[in-house]
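Have a look at the structure below before the remarks.
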Amino acid sequence: MAPRTPGRIDRARLPARSIRLLPVTSVSIDLGAPAGSYASFREWLIAHWQGVEELALTRTTQTNEAGRAAALLPVLGLLPGPLSLIEVGASAGLCLYPDRYSYLYGGHRSVHPTGGPSPVLLHCKTTGEPPIPDEVP
384 MAPRTPGRID RARLPARSIR LLPVTSVSID LGAPAGSYAS FREWLIAHWQ
434 GVEELALTRT TQTNEAGRAA ALLPVLGLLP GPLSLIEVGA SAGLCLYPDR
484 YSYLYGGHRS VHPTGGPSPV LLHCKTTGEP PIPDEVP
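Read left to right, the sequence shown gives residues 384 to 520 (this note's numbering).
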């Protein structure tokens with residue numbers, strides 16, 4: 384039996400949601416794929432396909448999620464206010480209101496809107512020392 388490689392994916396085995404470029408690309412980056420030519424990336428992907436496929440099957444692409452605001456809040460907190468946001472995409476405006484959500488960073492650091500905690504709490508894993516603001520900008 385020929386080894387399964389990116390050129391020989393058994394599509395019948397993969398859920399339809401998994402046959403997407405974005406999870407494969409992000410997993411490849413997470414697992415250390417080289418930044419360079421297509422040829423070097425392809426070679427790396429073929430050599431590491433089993434691990435890439437395994438991890439990619441656990442991920443989905445979700446572009447309309449308010450939780451993305453948690454990743455943006457530290458940067459927004461560094462900008463001088465007041466801020467105006469424009470959203471281009473399918474989120475129905477959910478990412479336009481980062482000031483209406485409460486946030487929990489790293490499981491222990493909370494940030495709340497000016498009026499107090501929101502019923503919507505967005506969780507965000509952190510590494511290092513991100514510039515988490517003391518309050519929602």
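All C-beta atoms, glycine included, are put in the ideal place defined by N, C-alpha and C.
Among the options, nearest to residue i - alpha-carbon criterion
i       : options                               : result
Leu-504 : Pro-520, Asp-517, Pro-481 and Thr-510 : Pro-481
Ala-453 : Val-494, Ser-411, Leu-414 and Gly-464 : Val-494
Thr-497 : Tyr-484, Cys-507 and Thr-509          : Tyr-484
Glu-518 : Glu-512, Glu-470, Val-458 and Glu-436 : Val-458
Arg-451 : Pro-514, Ser-411 and Glu-470          : Glu-470
Pro-463 : Thr-408, Pro-516, Pro-406 and Ser-409 : Pro-516
Thr-441 : Pro-502, Leu-461, Pro-406 and Cys-507 : Pro-406
Glu-437 : Asp-413, Cys-507 and Ala-475          : Asp-413
Straight-line Cα distance separating residue j from residue i
i       : j       : result
Pro-520 : Pro-500 : 14 Å
Arg-425 : Gly-489 : 35 Å
Glu-512 : Leu-428 : 31 Å
Ala-439 : His-431 : 12 Å
Pro-465 : Gly-434 : 45 Å
His-491 : Thr-443 : 26 Å
Gly-460 : Pro-514 : 8 Å
Thr-510 : Ala-475 : 30 Å
Lys-508 : Gly-472 : 24 Å
Pro-502 : Ser-411 : 36 Å
Gly-419 : His-506 : 33 Å
Tyr-421 : Gly-415 : 15 Å
CB of residue i within 7 Å of CB of residue j, strictly
i       : j       : result
Leu-468 : Leu-456 : no
Leu-487 : Ala-449 : no
Pro-417 : Ser-409 : no
Beta-bridge partners of residue i, as assigned by DSSP
i       : result
His-506 : Leu-487
Val-407 : Looking at the DSSP assignment, Val-407 forms no beta bridge with any residue, so it has no partner.
Val-494 : Tyr-486
Proximity test, residue i beta-carbon vs the ligand NAP heavy atom, cut-off 6 Å
i       : result
Thr-408 : The ligand NAP is not part of this structure, which contains no ligands at all.
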